[in-house]
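Student: Numbering (our numbering), first residue to last: 170 to 379. We put the CB at the ideal spot given by N, CA and C, even for glycine.
1. Beta-carbon separation of residue 297 and residue 348 under 8 Å?
2. With the cut-off set at 8 Å, would you say residue 308 and residue 266 are in Cβ contact?
3. May I ask which residues mark the beginning and end of the beta strand (DSSP E) holding residue 318?
4. What number of angstroms, rounded off, separates the C-alpha of residue 377 from the C-alpha of residue 342?
5. Under 8 Å, with one C-beta from each stretch per pair, do the segment 331-345 and the segment 354-361 reach the 3-pair mark?
6. What is the C-beta distance between residue 262 and residue 351, in whole angstroms, given that I count them as a contact (C-beta under 8 Å)?
7. On the DSSP bridge assignment, give the partners of residue 262 in chain order.
8. Here's the rule I'm using: 16 or more other beta-carbon atoms within 10 Å means buried, otherwise exposed. How should residue 217 be labelled?
9. Inspect the beta-carbon positions of residue 291 and residue 300 and report whether they are closer than 8 Å.
10. Who pairs with residue 298 in a beta bridge, going by DSSP?
11. Just reading off the alpha helix (DSSP H) that residue 253 is part of, what are its end residues?
12. Who are the near neighbours of residue 288 in its chain, counting only those whose CB is closer than 7 Å to its CB and skipping five residues on each side?
13. Considering residue 348, what are the terminal residues of the alpha helix (DSSP H) in which it resides?
14. If contacts are defined as beta-carbon pairs under 8 Å, then residue 312 and residue 321 qualify, I think. What distance do you get, rounded to the angstrom?
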């Protein structure tokens with residue numbers, strides 16, 4: 170009988186300790202959430218900038234020292250503006266290659282074209298010069314360029330540089346026709362950590378912005 174009472178007492182004491190532990194953990198989480206809300210309040214609604222605070226380490230007195238870049242702007246509408254200005258200058262390139270007619274016995278011609286690859290390019294002149302990857306257009310037969318607004322043009326290779334995997338192609342425009350070139354920046358002004366937007370056509374998904 171005494172052993173039974175002792176067991177019940179120990180069981181209740183363990184349950185009581187467990188409840189105390191859960192209460193302390195919950196109180197700690199709540200205190201942490203309140204501290205974060207008070208120390209780092211959310212950006213006001215409608216603001217185009219959020220603030221990132223870079224805390225490096227604690228000083229000898231135990232207080233946190235903030236980096237000189239304590240207020241680093243995160244652009245909101247800027248991404249949308251850049252996307253709107255660049256999406257018409259980034260194109261999709263479809264590559265067709267030719268094989269000998271011996272692989273196509275039913276064909277009466279010496280060669281037959283078939284789709285081989287697809288990639289992206291950037292318009293750099295109003296006359297339709299486009300920078301793309303060398304490995305994309307290497308040994309290409311036909312080049313078909315498609316713009317975000319569904320316009321399509323045939324193109325041909327102007328020059329290549331295999332060592333840097335770059336190539337320049339040019340689309341065949343109509344008389345007096347021009348296309349919108351992209352605005353080229355200055356590589357001397359960019360710094361590590363600057364925001365970057367990637368515009369392209371991965372996996373046949375046209376005009377994606379990342």
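Tutor: Inspection of the coordinates gives the following:
1. yes
2. yes
3. Careful: residue 318 lies outside any beta strand (DSSP E) and carries neither H nor E.
4. 25 Å
5. no
6. About 15 Å separates the two Cβ atoms, so there is no contact after all.
7. 288 and 314
8. Low confidence applies to residue 217: its pLDDT is 49, below 50, so where it sits in the model is not reliable, and the reading given next is rough at best. Burial call: exposed.
9. yes
10. Paired residue(s): 339.
11. 246-255
12. 262, 301, 302 and 305
13. Run containing residue 348: none; DSSP gives neither H nor E here.
14. Residue 312 to residue 321, Cβ: 11 Å. No contact.
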